[in-house]
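Protein chains: 2
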Amino acid sequence: MRWDELDKEACSVARTVSVIGDRWTLLVLRECFLRVRRFEEFQTRLGITRHLLADRLRKLVKAGVLQKVAYQDRPKRYEYRLTDRGLDLHPLMMAIVHWGDTHMAGRRGRPLLHRHKACGQDFDPVTVCSQCGEPVDARGVHVHPGPGAPRMARA
Amino acid sequence: MRWDELDKEACSVARTVSVIGDRWTLLVLRECFLRVRRFEEFQTRLGITRHLLADRLRKLVKAGVLQKVAYQDRPKRYEYRLTDRGLDLHPLMMAIVHWGDTHMAGRRGRPLLHRHKACGQDFDPVTVCSQCGEPVDARGVHVHPGPGAPRMARA
DNA sequence: GTCGTGGGTTCCAATTTGGAACTTGCTTCA
DNA sequence: TGAAGCAAGTTCCAAATTGGAACCCACGAC
Numbered sequence: 000m001r002w003d004e005l006d007k008e009a010c011s012v013a014r015t016v017s018v019i020g021d022r023w024t025l026l027v028l029r030e031c032f033l034r035v036r037r038f039e040e041f042q043t044r045l046g047i048t049r050h051l052l053a054d055r056l057r058k059l060v061k062a063g064v065l066q067k068v069a070y071q072d073r074p075k076r077y078e079y080r081l082t083d084r085g086l087d088l089h090p091l092m093m094a095i096v097h098w099g100d101t102h103m104a105g106r107r108g109r110p111l112l113h114r115h116k117a118c119g120q121d122f123d124p125v126t127v128c129s130q131c132g133e134p135v136d137a138r139g140v141h142v143h144p145g146p147g148a149p150r151m152a153r154a
Numbered sequence: 000m001r002w003d004e005l006d007k008e009a010c011s012v013a014r015t016v017s018v019i020g021d022r023w024t025l026l027v028l029r030e031c032f033l034r035v036r037r038f039e040e041f042q043t044r045l046g047i048t049r050h051l052l053a054d055r056l057r058k059l060v061k062a063g064v065l066q067k068v069a070y071q072d073r074p075k076r077y078e079y080r081l082t083d084r085g086l087d088l089h090p091l092m093m094a095i096v097h098w099g100d101t102h103m104a105g106r107r108g109r110p111l112l113h114r115h116k117a118c119g120q121d122f123d124p125v126t127v128c129s130q131c132g133e134p135v136d137a138r139g140v141h142v143h144p145g146p147g148a149p150r151m152a153r154a
């Protein structure tokens with residue numbers, strides 16, 4: 000299986016991974032959520048090679064996660080902003096950060112804190128069930144085939 | 000920056016990405032959550048080369064996400080199971096699946112459904128604030144440096 | 001003793017990365 | 001008028017990683 004076949008799999012994990020399943024892409028997205036928008040700034044902050052950065056930004060734009068917005072003419076200059084589709088990756092980012100905070104934090108504690116503007120407090124993300132509102136964990140979930148399952152449903 | 004420097008960054012995203020920020024690793028984990036445990040079964044289901052599979056499983060074991068458990072002697076055979084640390088990746092997996100379901104589903108709909116055993120209904124994961132219990136989205140969160148921030152706090 | 005099975009390892013070619021220099025359009029400063 | 005700077009890329013090449021396929025080993029079954 001190659002990158003370009005991945006998004007054709009009948010699996011939402013595979014399809015999401017085809018967009019974000021890459022080290023640099025995830026780090027670029029981290030910066031996007033920290034309000035970084037310009038090529039040079041991504042490059043300096045991440046230490047990624049310009050070549051790869053251009054490639055990853057291009058792919059994210061093609062995937063509809065970022066959009067190029069001109070912020071000046073003569074010479075034309077663009078910046079990259081999260082689209083609504085990109086903003087929807089927020090729970091995924093929070094889940095990544097939270098796992099890192101929980102399992103990989105150094106002895107000095109977590110590098111960043113997240114404050115919920117609505118209640119004013121620093122918080123952790125909690126995943127709950129959309130139906131009953133109770134927290135969900137791995138053992139409390141049963142997976143079964145949906146309408147888009149391949150004929151030989153996996154699992 | 001190279002793979003082996005990534006886990007030293009003072010950033011929970013970078014540190015998590017150093018463990019799971021790889022296409023095959025995420026697909027291996029998908030299978031783990033679908034109760035796949037054995038080398039051959041991973042290999043057949045994923046179409047990954049045996050070489051890479053061995054490498055990714057080794058790395059996941061080293062990261063404490065999976066553990067090797069002997070399921071027979073003579074000849075010794077092992078299977079790979081999620082540890083508690085691995086099970087904690089469940090919200091992350093759910094977030095990946097949910098984004099794919101929302102933004103990448105084919106016209107036939109989502110491939111898999113998730114049933115919450117506690118309430119018996121198919122559900123979507125919702126990310127809420129651990130303090131007030133209300134849903135959280137990108138625009139409602141303010142990020143600020145925590146105790147583990149580098150001296151020049153990023154953002 | 002030959003076949004099958006599970007869990008790997010080895011080898012090599014093809015692809016992807018990393019690093020550094022070069023390009024393009026336009027502005028500013030001397 | 002010319003030199004220098006800036007943002008956003010692109011080009012080139014060496015080094016690392018992947019994909020594909022074959023090979024290995026311990027055992028058990030036929």
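Top to bottom, those sequences are chains A and P. Going letter by letter, the first sequence gives residues 0 to 154 in numbering that gives the first Met the number 0. Going letter by letter, the second sequence gives residues 0 to 154 in numbering that gives the first Met the number 0. We put the beta carbon where it would ideally sit given N, CA and C, even for glycine.
How close, in whole Å, do the beta carbons of A:His-113 and P:Val-142 come, if the pair is a contact with beta carbons under 8 Å? 6 Å
Simplified DSSP assignment, three categories, for A:Thr-82: coil
Does A:Thr-126 come out as helix, strand or coil in the three-state DSSP assignment? strand
So what does DSSP say about P:Arg-114, is it helix, strand or coil? strand
Excluding the five sequence neighbours on either side, which residues of its own chain have a C-beta within less than 7 Å of the C-beta of P:Val-68, listed in chain order? Tyr-77, Glu-78 and Arg-80
Touch test, the stretch 103-113 of chain A against the stretch 114-122 of chain P, Cβ-Cβ under 8 Å, three pairs minimum: no
Taking contact to mean at least 3 C-beta pairs separated by less than 8 Å, is the stretch 53-72 of chain A in contact with the stretch 12-26 of chain A? yes
Within chain P, partners of A:Glu-133 - CB distance below 8 Å: His-115, Ala-117 and Cys-118
Whole-angstrom Cβ separation of A:Pro-124 and A:Ala-9, contact assumed at under 8 Å? Going by Cβ atoms, the distance from A:Pro-124 to A:Ala-9 rounds to 28 Å, so no, they are not a contact pair.
In chain P, which residues lie with their C-beta within 7 Å of the C-beta of A:Thr-101? Asp-87
State the beta-bridge partners of A:His-143 as determined by DSSP. P:Leu-112
Let me know the beta strand (DSSP E) ranges lying completely inside the stretch 28-74 of chain A, each 3 residues or longer, listed in chain order. 65-71
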